[in-house]
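Counting from 0, one number per residue, gives the positions in the sequence shown under numbering that gives the first Met the number 0.
Glycine included, every Cβ here is placed at the ideal spot set by N, Cα and C.
From a predicted model like this one, the values you see are computed outputs, not experimental measurements.
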Amino acid sequence: MNHIKTLLICAAMAATCVPVTGQYAPEPYGLTPSERQLEWYGREMIAFFHFGINTFEEYVNEGDGKAPAALFNPTALDCRQWMQTLKAAGIPCAILTAKHADGFCLWPSRYTDYCVKNAAWKGGKGNVVREFTDACAEYGIKAGIYLGPHDRHEHLSPLYTTERYKAHYARQLEELMGGYGKIWETWWDGAGADELTTPIYREWHRIVREKQPDCVIFGTKNSYPFADVRWMGNEAGQAGDPCWATTDSIAIRDEAQYYKGLNEGVAGGNAYIPAETDVSIRPSWFYHAEEDQRVKSVKELWDIYCNSVGHNSVLLLNLPPDRRGLIHPTDSLHVALLRKGIDQTFARNLLAGAKVKADNVRGPKFAARLLTDNDKTTYYAGKDGKTTADIVFTLPEQEEFDCLMLQEVIELGHRTTRWSVEYSDNRKEWTPIPEATDKQCVGHKWIVRFSPVKARYVRLRIQDGNACPALHTFGVYKHSLLFK
Ligand code: OTN
Numbered sequence: 000m001n002h003i004k005t006l007l008i009c010a011a012m013a014a015t016c017v018p019v020t021g022q023y024a025p026e027p028y029g030l031t032p033s034e035r036q037l038e039w040y041g042r043e044m045i046a047f048f049h050f051g052i053n054t055f056e057e058y059v060n061e062g063d064g065k066a067p068a069a070l071f072n073p074t075a076l077d078c079r080q081w082m083q084t085l086k087a088a089g090i091p092c093a094i095l096t097a098k099h100a101d102g103f104c105l106w107p108s109r110y111t112d113y114c115v116k117n118a119a120w121k122g123g124k125g126n127v128v129r130e131f132t133d134a135c136a137e138y139g140i141k142a143g144i145y146l147g148p149h150d151r152h153e154h155l156s157p158l159y160t161t162e163r164y165k166a167h168y169a170r171q172l173e174e175l176m177g178g179y180g181k182i183w184e185t186w187w188d189g190a191g192a193d194e195l196t197t198p199i200y201r202e203w204h205r206i207v208r209e210k211q212p213d214c215v216i217f218g219t220k221n222s223y224p225f226a227d228v229r230w231m232g233n234e235a236g237q238a239g240d241p242c243w244a245t246t247d248s249i250a251i252r253d254e255a256q257y258y259k260g261l262n263e264g265v266a267g268g269n270a271y272i273p274a275e276t277d278v279s280i281r282p283s284w285f286y287h288a289e290e291d292q293r294v295k296s297v298k299e300l301w302d303i304y305c306n307s308v309g310h311n312s313v314l315l316l317n318l319p320p321d322r323r324g325l326i327h328p329t330d331s332l333h334v335a336l337l338r339k340g341i342d343q344t345f346a347r348n349l350l351a352g353a354k355v356k357a358d359n360v361r362g363p364k365f366a367a368r369l370l371t372d373n374d375k376t377t378y379y380a381g382k383d384g385k386t387t388a389d390i391v392f393t394l395p396e397q398e399e400f401d402c403l404m405l406q407e408v409i410e411l412g413h414r415t416t417r418w419s420v421e422y423s424d425n426r427k428e429w430t431p432i433p434e435a436t437d438k439q440c441v442g443h444k445w446i447v448r449f450s451p452v453k454a455r456y457v458r459l460r461i462q463d464g465n466a467c468p469a470l471h472t473f474g475v476y477k478h479s480l481l482f483k
């Protein structure tokens, strides 16, 4: 069908002008990302700030909604310090837990007393959501809001019914979506929220879309039909291999299949809902001084980055502020070093100076050398109907590398479905890289790490696909020493 369409377009153009063979872009294949999803992919990393009444209780992460509001009392809250941490870490977006499952609200909500109005902090006159969104605006960070759907404090009321809560949550959502400028993401945690049915989320979804058309919605379980992005299936930072952006939107009954669908996606699935990887830099989601020695190391964060961003996902990394209302210096240091190591690793694509030869090229506008030109606007594509390609890179001299990265033109859908990378010193015998053999999806970014190899020739093999390949970057690299 796509082929016929292309022929028709070419025929139409030939009638009016002389077409340059193979200069037309490939037709998209299957489901493709929305503008919101493209923007979300481009962030690569998002910070999660779990902060609230749990921060002030002894080792509580899932408060029961009974802790007195007065307990909330950060001694030196400074959201600008949070933003300085994000700037050093190259993280462009942040999500604040405006209300976690305990129900305590970090803004003075008109609809509850269980909020900062009754906190000791600033004599009840403070507003963390305001300070957070103001600091985001000042530092050019995109603000996101987590308004936990499950609310244990509201549940304590004898008047509680799901119907009343639906209206209560809707009013709180209106306060947050309507009163704090542009909100880039909202998070519907599935934890404890099974009573909240899809029709309830439909109403809440209407509010988000009305007030914040560009806001990305994280959804799971009953909110799945409205989700721009899905849960990745675990909180360990380990996205699947493969990790398709497509999945099945219909609720899956079998639990194992449900988790596999979240973690790996579904090739050819009926919905485009890419996976977001939420993980904490500490063992807990909220700050506890007991865990100051258990902050994930820079190497652990690099593993998580490669297994999330490098698995066609976006990393949502939790950096919980402490009782002062500041990011602990160890957490700030580790994310800054993560950024430094990422930048050092990917600064030099060892294929950049290589000669490139491909056996499937659409035309000069889509030449294989564009894979290494470091230009986001250009890409390599094959001929319509030809779903395989061998692309050989001849380096000026032998180089050592231990990491590779491949990126697809995601606007054109999931095209490549099987690919491998090999190396050689004579262009006759090729050695496969075991970790990079028979990989499946590519998507926004796929990173593979392996023991160092030395080679003069590198071959990218596109072994199968739904449509001709459309890839915009391929590179081999040497890890930063910060990750050793
Ligand atoms: O006990 N839990 O609720 C739980 C334990 C470990 C990992 C996840 C969960 S809940 C889970 O949280 C996700 C976000 O991290 C999503 O919201 C899922 O829908 C929810 O079930």
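Original post:
So which residues put a beta carbon under 7 Å from any heavy atom of the ligand OTN, going in chain order?
Top reply: This selection yields ASP188, GLY189, ALA190, GLY191, THR219, LYS220, TRP230, ASN233, GLU234 and ASP277.
**OP:** Using a threshold of 8 Å, state whether the C-beta atoms of ARG455 and LEU394 are closer than that.
**Re:** On the sequence shown, position 456 is the one that residue 455 refers to. On the sequence shown, position 395 is the one that residue 394 refers to. Against a cut-off of 8 Å, the Cβ pair of LEU394 and ARG455 comes out as a contact.
Original post:
Should SER222 be labelled buried (16 or more other beta-carbon atoms within 10 Å of its own) or exposed?
Top reply: Start at 1 with the first residue of the sequence shown, and residue 222 comes out as number 223. Around the beta-carbon of SER222, 16 or more other beta-carbon atoms lie within 10 Å, marking it buried.
**OP:** Going by DSSP, name the residue or residues bridged to ASP389.
**Re:** Reading the sequence shown from its first residue, position 390 is the one you call residue 389. Answer is ARG460, bridged to ASP389.
Subject >> Beta-carbon gap between GLY143 and GLU184 smaller than 8 Å >> reply: Numbered from its first residue, the sequence shown carries residue 143 at position 144. Numbered from its first residue, the sequence shown carries residue 184 at position 185. Cβ atoms of GLY143 and GLU184: closer than 8 Å.
Original post:
Less than 8 Å separating the beta-carbons of GLU407 and LEU470?
Top reply: Stepping through the sequence shown from its first residue, residue 407 is reached at position 408. Stepping through the sequence shown from its first residue, residue 470 is reached at position 471. Against a cut-off of 8 Å, the Cβ pair of LEU470 and GLU407 comes out as a contact.
**OP:** Output the distance between the C-alpha atoms of CYS78 and TRP186, rounded to the nearest integer angstrom.
**Re:** Taking the sequence shown and counting its residues from 1, the one referred to as residue 78 is at position 79. Taking the sequence shown and counting its residues from 1, the one referred to as residue 186 is at position 187. Answer to the nearest angstrom: the Cα atoms are 20 Å apart.
**OP:** Look at TYR145 and GLU153 and say whether their C-beta atoms are less than 8 Å apart.
**Re:** Translated into the one-based positions of the sequence shown, residue 145 becomes position 146. Translated into the one-based positions of the sequence shown, residue 153 becomes position 154. No. Outside cutoff.
**OP:** Give, in chain order, every unbroken run of the alpha helix (DSSP H) that is at least 4 residues long and sits entirely within the region 317-361.
**Re:** 328-346
Subject >> Where GLY122 sits in the DSSP three-state scheme >> reply: As a position in the sequence shown, residue 122 is number 123, starting the count at 1. Here GLY122 sits in helix by DSSP.
Original post:
To which residues of the same chain is VAL447 closer than 6 Å at the C-beta, ignoring the five residues directly before and after it?
Top reply: One-based indexing of the sequence shown puts residue 447 at position 448. LEU403, GLU434 and ALA435.
Subject >> the region 295-305 / the region 259-267 touching (three or more Cβ pairs under 8 Å) >> reply: As far as the Cβ criterion goes, the region 295-305 does not touch the region 259-267, which means the pair count is below three.
Original post:
When the distance is taken between beta carbons, is LEU85 closer than 8 Å to LEU95?
Top reply: What you label residue 95 is simply residue 96 of the sequence shown in a count that begins at 1. What you label residue 85 is simply residue 86 of the sequence shown in a count that begins at 1. Contact annotation: LEU95 and LEU85 have beta-carbon atoms that are not nearer than 8 Å.
Original post:
Can you list, in chain order, the residues of its chain whose CB lies under 6 Å from that of VAL452, leaving out five sequence neighbours each side?
Top reply: Your numbering for residue 452 matches position 453 in the sequence shown. So the qualifying residues of the chain are TYR422.
Original post:
Using CA coordinates, which residue listed in TYR200, TYR179, GLY177 and LEU175 is at the minimum distance from GLU162?
Top reply: Walking along the sequence shown from the start, residue 162 turns up at place 163. Of the candidates TYR200, TYR179, GLY177 and LEU175, the one whose C-alpha sits nearest the C-alpha of GLU162 is TYR200.
**OP:** Using only alpha-carbon positions, find the residue among ASN359, CYS214 and ALA270 that is nearest to ALA93.
**Re:** Within the sequence shown, the letter at position 94 stands for residue 93. Nearest in C-alpha terms to ALA93, of all of ASN359, CYS214 and ALA270, is CYS214.
Subject >> Closest by C-alpha distance to GLY147, when choosing among LYS181, VAL127 and GLU61 >> reply: The residue you call residue 147 lines up with position 148 of the sequence shown. Answer by Cα proximity: GLU61.
Original post:
How about PHE71 and PRO319: do their beta carbons lie closer than 8 Å?
Top reply: Within the sequence shown, residue 71 is the residue found at index 72, counting from 1. Within the sequence shown, residue 319 is the residue found at index 320, counting from 1. No, Cβ-Cβ distance for PHE71 and PRO319 is not below 8 Å.
**OP:** Pull up the distance between the alpha-carbon of ALA466 and that of THR54, whole angstroms please.
**Re:** Your numbering for residue 466 matches position 467 in the sequence shown. Your numbering for residue 54 matches position 55 in the sequence shown. Approximately 51 Å, taken between the alpha carbons.
**OP:** Let me know the secondary structure DSSP gives VAL452 once reduced to three states.
**Re:** For the purposes of this step, residue 452 is taken as residue 453 along the sequence shown, with counting starting at 1. Here VAL452 sits in strand by DSSP.
Original post:
Can you tell which of HIS310, HIS333, THR386 and LYS98 has its C-alpha closest to the C-alpha of GLN292?
Top reply: Taking the first residue of the sequence shown as 1, we reach residue 292 at position 293. It is HIS333.
Subject >> SER222 in three-state terms, based on DSSP >> reply: Here residue 222 corresponds to residue number 223 of the sequence shown, with the count starting at 1. Reduced to three states, the DSSP call for SER222 is helix.
Subject >> Residues sharing a beta bridge with ASP277, DSSP >> reply: Translated into the one-based positions of the sequence shown, residue 277 becomes position 278. LEU315.
**OP:** Note down the Cα distance separating GLU130 from ARG281, rounded to an integer number of angstroms.
**Re:** As a first step, residue 130 is located in the sequence shown; it is residue number 131 there, counting from the start. As a first step, residue 281 is located in the sequence shown; it is residue number 282 there, counting from the start. Rounded to whole angstroms, GLU130 to ARG281 spans 24 Å at the Cα level.
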